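Numbering (our numbering), first residue to last: 239 to 538.
Every residue, glycine too, gets a C-beta built ideally from N, C-alpha and C.
Here the structure is a predicted model, which is why all the values come from computation and not from measurement.
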């Protein structure tokens with residue numbers, strides 16, 4: 239596949255924050271650790287986003303090996319594409335920048351964070367049909383710990399997300415219990431499966447979504463997803479936002495030139511530091527492709 243041409247970036251600065259969520263919605267998020275907002279996303283922008291993801295899928299289908307942006311399933315072959323993730327898509331097309339910085343998502347993130355917001359990373363995840371891998375139970379913040387835990391991920395489904403095709407699953411209230419260990423017997427597992435209790439499993443919620451819906455989850459909300467045993471792919475654009483006064487302790491798992499750019503509000507002059515011991519992940523500065531690859535390596 240030929241190199242993707244450099245894009246002319248459309249984003250030129252931060253927009254003024256416009257309140258989107260009600261007080262009740264913010265309180266629901268604070269209580270449960272996640273929030274579903276129905277029909278929140280602009281349909282025209284969603285069509286453009288979908289068309290761009292389709293184009294990138296077609297371009298990636300010709301690849302023989304994974305790249306910095308494209309993570310491939312071991313069964314991927316040119317002509318029989320099985321792409322699992324597109325990392326840092328904001329570097330590949332302006333529409334991802336527009337969605338992350340200029341759409342309603344920036345306002346939702348500011349509502350939930352409760353102040354100025356910056357961009358940390360984004361990715362397009364493909365839960366492949368006929369056995370697309372499950373994602374173990376995990377929290378986002380322990381994978382990329384910051385000086386405080388005020389971080390939020392917003393997910394935009396590109397097609398219907400259902401329990402049958404491996405939708406996001408969350409454990410309500412788990413964010414209030416603090417970070418869980420993502421190490422097992424001295425090995426980094428990138429999941430906290432070992433800490434899951436019967437009570438956790440009894441409370442699991444399937445976050446079923448339609449295109450146009452948005453789901454937000456806190457950086458300490460325990461979440462995962464089952465394998466996709468259907469014949470329908472599940473495609474999701476996910477953006478990780480952080481409070482302006484949250485600063486990473488470790489190298490980014492997914493880097494891009496947009497990392498730490500402001501989305502709403504002004505940059506912080508001071509870091510807000512939450513007390514406590516922080517269990518660090520491995521050093522990802524040499525590279526990290528995806529949670530799928532790490533799960534595979536841990537099985538060997």
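Taking a C-beta distance under 8 Å as the contact criterion, residue 284 and residue 449 qualify as a contact pair.
Taking C-alpha positions only, residue 412 is separated from residue 392 by approximately 18 Å.
Setting aside the 5 residues that flank it on each side, residue 334 is surrounded in the same chain by 327, 328, each with a C-beta closer than 6 Å to its C-beta; the list follows chain order. In the assembly as shown, residue 508 is an exposed residue. Its beta-carbon has fewer than 16 other beta-carbons within 10 Å. The C-alpha of residue 390 lies about 15 Å from the C-alpha of residue 410. With respect to the C-alpha of residue 318, the residue from 306, 300, 420 having the closest C-alpha is 300. When secondary structure is reduced to three states using DSSP, residue 320 falls in the coil class, being assigned neither helix nor strand. Under the rule that a run must span 3 or more residues, the beta strand (DSSP E) segments found entirely inside the stretch 453-496 read 461-463, 472-481. Boundaries of the beta strand (DSSP E) harbouring residue 363: 355-365, taken from the DSSP string.
Runs of the alpha helix (DSSP H) lying entirely within the stretch 395-454, each at least 4 residues long, are 436-441 in chain order. In this structure, 340 is the residue among 340, 402, 441, 519 with its C-alpha nearest to the C-alpha of residue 279. Around the beta carbon of residue 519, a 10 Å sphere encloses 16 or more other beta carbons of the protein chains shown; the residue is thus reported as buried. Residue state for residue 524 is assigned as coil, using DSSP reduced to three classes.
For residue 390, the pairing in a beta bridge is given by DSSP as 456, 479. Closest by C-alpha distance to residue 400, out of 459, 451, 265, is 451.
Taking a cut-off of 8 Å for Cβ pairs, the stretch 468-485 and the stretch 364-383 touch, as three or more such pairs fall below it. Between residue 423 and residue 375, the C-beta gap is not smaller than 8 Å, which leaves the two residues out of contact. When Cβ pairs closer than 8 Å are counted between the two stretches, the stretch 341-348 is seen to touch the stretch 489-509, the count reaching three or more.
Residue 346 sits in a helix when the DSSP states are folded into three classes.
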